Amino acid sequence: MEKQHLYIAGPECFYPDGDARLMAFRKEAEAAGYAVSLPNDNPLDLTHEDLQRNADAIFENCAVSMNETTAILCDLECFRGPLPDGGSIYELGMAYGRGLPCYGYTRDKRPLRWKFRPDGSSCPLEFRDLPFSPNVVGSTKIVEGGFSECLKLFSVDLEERAKMAGSRHEQTAPAAGPTLEKQDDRPVVFLAGPERWLPRAERDAVYAEMKRLCAETGLLAITPADPVPGAADTDSDDPMVRAFRQFDRNQQSVRNCDAVIACLNDYYGWEPESDTSFECGLAFQLGKKLYGYMDNVGHMNQRVPNEERDGAYRDPCGCTVENFDYPVNLMFSSSMPIYGGSFAQVIGKIAADLCKK
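Heads up, the numbering used here is the position in the sequence shown plus 5, with the first residue counted as 1.
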C-alpha cells in the first residue's frame with residue numbers, strides 16, 4: 006500500500022464545507038496506508054490580477070498531481086444538474102489516459118432515464134438504462150455509496166491484483182495505440198459533444214453537416230457514431246456490453262485523432278456532457294490538441310445562477326461558482342482555447358490554427 010498514491014477527485018472543492026470533507030477523505034485513506042493527492046494540495050500564488058493566470062496555476066497543479074498518482078477515486082454525485090462535475094470527469098479521462106485504475110462512487114445508480122426527463126426521451130434507447138454515460142461506465146468501477154465504500158473496494162481489488170501477480174497466468178492488458186491509417190495529410194479531428202445523444206436520424210444528419218464543414222476547411226472528421234478500426238460494434242442485448250463497446254470506440258477515436266474539437270455547452274444543467282468531459286481529459290493526457298466552443302462564452306459567474314455571499318459567488322445549493330474570467334470549469338478553460346459560437350461559426354478558426362505550418 007505504501008506504493009499506492011491516490012488522487013481524490015470530486016466537486017467537494019466547491020462545497021461550503023468542502024475543505025473539511027476532503028481532509029476527512031485524506032485522513033481515512035492515509036489511515037489505510039495510502040499516500041494521497043488532492044487538487045488543492047500544494048500552496049499556490051492565486052493573487053494575480055489576471056484571474057485566468059490563477060486558474061491556469063490550479064490546472065497545472067492538478068496535472069502535476071495526476072502524474073504522481075497510481076489510482077483515482079472520483080465522486081460522481083450530480084452537480085448543478087443531473088450530471089457529475091465536468092472537471093472531475095475530465096480528471097477521470099486524464100487518469101485513464103495514464104492507464105490508472107479508475108474508481109467512482111455515488112448514492113444514485115439509477116438509470117439515466119430517471120435522471121433526465123421522466124419519460125427518458127432525452128436519452129438514446131441503447132444507453133438510457135446506464136447510471137452514467139458510456140465513457141464513465143466503461144472506464145470506471147462504480148460503487149453505490151460514499152468515499153468509504155469506494156476506498157474499501159479499491160483495497161480489496163489491490164489485494165486481489167497482488168495475488169494474481171503471484172499466479173502462474175500472467176495477465177497483460179493490450180496496448181491501445183492508433184488504429185486508423187491516414188490516407189492523406191489532413192489533420193484528423195474527433196468531434197466530441199452532446200450531439201451523440203440526439204435521435205439517430207437527427208444525429209447522423211448533424212454529423213454529416215459537421216463532417217462537410219470540416220472537409221471544406223481541410224480536416225478529416227470522425228465522430229462517436231462512426232465505426233472504429235479494431236473496435237467491436239456496439240450491438241448487444243446487454244446495456245453494460247453496449248456501454249463498454251461505445252466507450253472503447255470513443256477512447257480509440259481519441260487515440261486515432263490529432264485533435265479533439267469539443268462542444269462544451271451546458272447539458273441538462275450547468276455542466277458539459279460527461280462523455281465529452283472524459284474525452285477532453287483523455288486527449289490532454291495523450292498530448293492531443295484541444296479546442297472547445299460554446300454558444301455563450303460569458304464568464305461562469307455570469308452564466309451560472311448565483312449570489313455573492315461570504316466573499317464568494319454561491320449557486321442555489323451554496324456551492325462556489327468559479328470566478329476566473331473563464332466561461333467553464335478551469336480544467337477545460339486552462340487546457341484549450343474556447344471559441345464563442347456554433348460549430349459552423351468557429352470551425353474556420355480552429356482549422357486555420359490546426360493546419361498552420
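The C-beta atom is built at its ideal place from N, Cα and C for all residues, glycine as well. This structure is a prediction, so every number in the text was calculated from the model and none was measured.
Three-state class that DSSP yields for A364 in the structure shown: The chain is shown only over 6 to 362; residue 364 falls outside these bounds and no answer can be derived.
From P87 to A220, what does the alpha carbon distance come to, in whole angstroms? 35 Å
Own chain, CB closer than 7 Å to V302, minus 5 neighbours either side, in chain order: P332, I343 and G345
Cα separation between W119 and G182? 36 Å
If you check the beta carbons only, do L196 and T222 fall under 7 Å apart? no
For P136, which option in Y110, K168 and K157 has the closest C-alpha, if you only look at C-alpha atoms? Y110
Across which residues does DSSP place I266 in a beta bridge pair? L196 and Y296
Around the Cβ of L51, are there at least 16 other Cβ atoms within 10 angstroms (buried) or fewer (exposed)? exposed
Under 8 Å by Cβ, that's how I've got E327 and M299 pegged, so tell me the actual separation to the nearest angstrom. With a Cβ gap of about 15 Å, E327 and M299 do not count as contacting.
N-terminal and C-terminal residue of the beta strand (DSSP E) that E313 is part of: E312 to R314
Buried or exposed for K361, going by 16 or more other Cβ atoms inside 10 Å? exposed
Compare the Cα-Cα distances from R85 to each of G198, I355, R319 and A288 and report the closest residue. R319
Where R280 and L49 are concerned, what is the direct C-alpha to C-alpha distance, given to the nearest angstrom? The residue asked about is misnamed: residue 280 is Asp in this sequence, not Arg. When rounded, the distance between both Cα atoms is 30 Å.
Same chain, Cβ closer than 6 Å to G323, neighbours up to 5 away in sequence not counted: P21
If I measure Cβ to Cβ from D330 and keep anything under 7 Å in the same chain, skipping five residues before and after, which residues do I get? L56, Q57 and H304
Count the other C-beta atoms from every protein chain shown that fall within 10 angstroms of the C-beta of Q188, then say buried if there are 16 or more, exposed otherwise. With fewer than 16 Cβ atoms within 10 Å of its Cβ, Q188 is classed as exposed.
Is C79 closer than 7 Å to S70 when the C-beta atoms are compared? no
Host alpha helix (DSSP H) of E65 (start-end): L56 to M71
Leaving out five residues on either side along the sequence, give the residues of the same chain with a beta carbon under 6 Å from the beta carbon of A357. So no residue of the chain qualifies.
First and last residue of the uninterrupted alpha helix (DSSP H) at C285: S279 to Q290
Spatial distance of R262 from E278 (CA atoms): A small correction: the amino acid at residue 262 is Cys; Arg does not occupy that position in the sequence shown. Rounded to the nearest angstrom, the two C-alpha atoms are 20 Å apart.
Considering Cα atoms alone, identify which of L287, A317 and K354 is closest to M336. L287
Which listed residue (Q307, L224, V309 and S338) has its alpha carbon closest to that of L295: S338
For P234, I'd like the list of residues in its chain whose CB is within less than 6 Å of its CB, leaving aside the five on either flank, ordered along the chain. In chain order, T184 and L185 place their CB closer than 6 Å to the CB of P234, counting only its own chain and leaving out the 5 sequence neighbours on each side.
Selection from D24, Y101, L97 and C83 that minimises the alpha carbon distance to K114: C83
What did DSSP end up calling C324 once you bin it into helix, strand or coil? coil
Taking K293 as the reference, give the member of A29, R260 and S282 with the closest Cα. R260
Is it right to say M169 is buried, meaning 16 or more other beta carbons lie within 10 angstroms of its own, or is it exposed? By the 10 Å Cβ count, M169 comes out exposed.
Any idea if A14 is buried or exposed, counting beta-carbon neighbours within 10 angstroms, 16 or more meaning buried? buried
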